[in-house]
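Visitor:
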Amino acid sequence: MKYILAGILLQAAFGLLTSLPLGAQSGPLSSDESELLNYIRGENADFACGVCLNAARLHAESASRKEVGTAAPVQVGTAAPVQVGTAAPVQVGTAAPVQVVTAAPKQRESAARKKQLRKVKDMALVPGGARRLGSPVGTGDPDEKPAAQITLSPFYMDKTEVTIGNYAAFTLVTGANFPEWQKPEGKFNLETGRDKYYEHLEGVIKTCPSCPVVGVAWEDAAAYCRWKKKRLPTEAEWEAAARAGSSELYSFGKSSANAEAFAWLETNSGGTPHPVGVKKPNKYGLSDLHGNVWEWVSDRYDRTYYSQRPSKDPQGPATGEEYVIRGGSWNSDADSARCGNRASTADPNDDIGFRCVITESELSAEPEQ
Ligand SMILES: [Ca+2]
Numbered sequence: 217m218k219y220i221l222a223g224i225l226l227q228a229a230f231g232l233l234t235s236l237p238l239g240a241q242s243g244p245l246s247s248d249e250s251e252l253l254n255y256i257r258g259e260n261a262d263f264a265c266g267v268c269l270n271a272a273r274l275h276a277e278s279a280s281r282k283e284v285g286t287a288a289p290v291q292v293g294t295a296a297p298v299q300v301g302t303a304a305p306v307q308v309g310t311a312a313p314v315q316v317v318t319a320a321p322k323q324r325e326s327a328a329r330k331k332q333l334r335k336v337k338d339m340a341l342v343p344g345g346a347r348r349l350g351s352p353v354g355t356g357d358p359d360e361k362p363a364a365q366i367t368l369s370p371f372y373m374d375k376t377e378v379t380i381g382n383y384a385a386f387t388l389v390t391g392a393n394f395p396e397w398q399k400p401e402g403k404f405n406l407e408t409g410r411d412k413y414y415e416h417l418e419g420v421i422k423t424c425p426s427c428p429v430v431g432v433a434w435e436d437a438a439a440y441c442r443w444k445k446k447r448l449p450t451e452a453e454w455e456a457a458a459r460a461g462s463s464e465l466y467s468f469g470k471s472s473a474n475a476e477a478f479a480w481l482e483t484n485s486g487g488t489p490h491p492v493g494v495k496k497p498n499k500y501g502l503s504d505l506h507g508n509v510w511e512w513v514s515d516r517y518d519r520t521y522y523s524q525r526p527s528k529d530p531q532g533p534a535t536g537e538e539y540v541i542r543g544g545s546w547n548s549d550a551d552s553a554r555c556g557n558r559a560s561t562a563d564p565n566d567d568i569g570f571r572c573v574i575t576e577s578e579l580s581a582e583p584e585q
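Reading the sequence shown from the start, the letters are residues 217 to 585 in the working numbering.
(1) Examine ligand 1 and report whether any of its heavy atoms sits within less than 8 Å of the Cβ of valine 342.
(2) Aspartate 529 lies in the alpha helix (DSSP H); which residues open and close that run?
(3) Measuring alpha carbon to alpha carbon, tell me which residue in Ala327, Asn393, Gly556, Glu325 is nearest glycine 431.
(4) Using DSSP bridges, identify the partner residues of leucine 505.
(5) Within the present structure, is the beta-carbon of tryptophan 434 separated from the nearest heavy atom of ligand 1 by less than 8 Å?
(6) Residues in its own chain within less than 6 Å of lysine 528 by CB, not counting five upstream and five downstream?
(7) For the beta strand (DSSP E) holding glutamate 511, just list the boundary residues, first then last.
(8) Taking just the CA atoms, how far does glutamate 576 sit from aspartate 518?
(9) For the beta strand (DSSP E) that contains valine 573, what are its first and last residues?
(10) From Gln365, Ser485, Pro497, Ala340, pick the residue whose C-alpha is nearest to that of aspartate 549; which is it?
(11) Considering only heavy atoms of ligand 1, does any lie closer than 8 Å to the CB of asparagine 547?
(12) For ligand 1, I want to know if aspartate 504 counts as a neighbour, meaning its beta carbon is within less than 8 Å of at least one of the ligand's heavy atoms.
(13) Give me, in chain order, the residues of the same chain whose beta-carbon lies closer than 8 Å to that of valine 492; leave out the 5 immediate sequence neighbours on both sides.
(14) What are the residues that DSSP puts in a beta bridge with serine 523?
(15) Let me make sure I understand the geometry here. Which of Met373, Ala581, Pro358 has the alpha-carbon closest to that of glutamate 455?
(16) Should glycine 544 be listed as close to ligand 2, given that the test is whether its C-beta is under 8 Å from any heavy atom?
(17) What's the C-alpha gap between arginine 554 and glycine 469?
(18) Just checking cysteine 512 against ligand 1 - is the residue's beta carbon closer than 8 Å to any of the ligand's heavy atoms?
(19) Does DSSP classify phenylalanine 371 as helix, strand or coil?
(20) Taking 8 Å as the cut-off, is the beta-carbon of asparagine 484 closer than that to any non-hydrogen atom of ligand 1?
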């Protein structure tokens, strides 16, 4: 295994990923090796900044840890109900005719639909319909009011924030869109920049491909989502996803006392982002909407927008210098991480990341090829 991995990594280093005759050289790949290979080919190898070896090692370790705990979950309460007293009466001498059970013809999913469903396998469905968004009188800040019934179309949202590994695959392909800490000749470049702003996160950036990417400009975050044939969520979509049906301050209730079970905040983060999806997800299955990193949404910021926003699928104001960020971060207090809290900025930062969405109608409109 060790030598096969070394072979994989060497080939990666020499840029032979696209041909990869690994199976022929090494015999059939084990599931671990296939997974690692897909990982390197796919989304997490960042050769440009030298993360590849560490990323692959960490992924291999995490895959083997996962394997230990992947027994099928025990389903409680789903056994077919036992029917009492309904046994068919025994008929003597007249054998019941054999009934040929013909299962209903299975609806075959079209190739296009299968592709669509593959695309949303790491996303959670946020149901459509009307819900109250914004903060009611007596809670929150002035820019969160008035609260209103807002109707949204159903959409899928990434269950987690986009990771360093996810994002590295994008920059590897485009050769651009780099985070500030990796931008060639940028002043914040970790290796060559004069400004050491991101130095305190160097360990995370270089050794934690499953941590959320930070330092990405709004335009580059939007470009990543487009590359994935998705988009940034609107502010209203983000809040509906974060509430997961709750009208309280948090998806888990009105008190922040339980926040640390759901969120990485300044009180429990140790001053850095953490791997995505570790904390408890909300009722929709979405993780880290509270905390870990702030998340860019597509809306520009206007503190008075709520008094004029449309009640159906609002898209944000047409103009504005800054974009909205939501959810608080590893560097925030619990108040900043409230479902209704709004903040804004024009610039990337060490505590801002993002995730992507796609509406059901956008998904189903995708062509087969
Ligand atoms: Ca977050």
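All C-beta atoms in this analysis are idealised placements derived from N, C-alpha and C, irrespective of residue type, glycine included. The model shown is predicted, which means the values in this text are computed figures rather than measured ones.
Guide: In short, the structure shows the following:
(1) no
(2) Premise fails: aspartate 529 is in no alpha helix (DSSP H) and is neither H nor E.
(3) Just measuring C-alpha positions, the residue of Ala327, Asn393, Gly556, Glu325 sitting nearest glycine 431 is Asn393.
(4) Paired residues: none, contrary to the question.
(5) no
(6) Thr367
(7) 510–516
(8) 28 Å
(9) Counting along the chain, the beta strand (DSSP E) containing valine 573 begins and ends at 573–575.
(10) Of the candidates Gln365, Ser485, Pro497, Ala340, the one whose C-alpha sits nearest the C-alpha of aspartate 549 is Ser485.
(11) no
(12) yes
(13) Once the five neighbours on either side are set aside, the close Cβ partners of valine 492 are Thr376, Glu377, Thr379, Ser426, Cys427, Pro428, Ser503, Asp504, Asn508.
(14) In the DSSP output, where bridge partners are listed per residue, serine 523 has none listed.
(15) The shortest C-alpha separation from glutamate 455 is found at Met373.
(16) This structure does not include ligand 2; its bound ligands are ligand 1.
(17) 10 Å
(18) The displayed chain sequence assigns tryptophan, not cysteine, to residue 512. Because no heavy atom of ligand 1 lies under 8 Å away, the Cβ of tryptophan 512 does not count as near it: no.
(19) strand
(20) no
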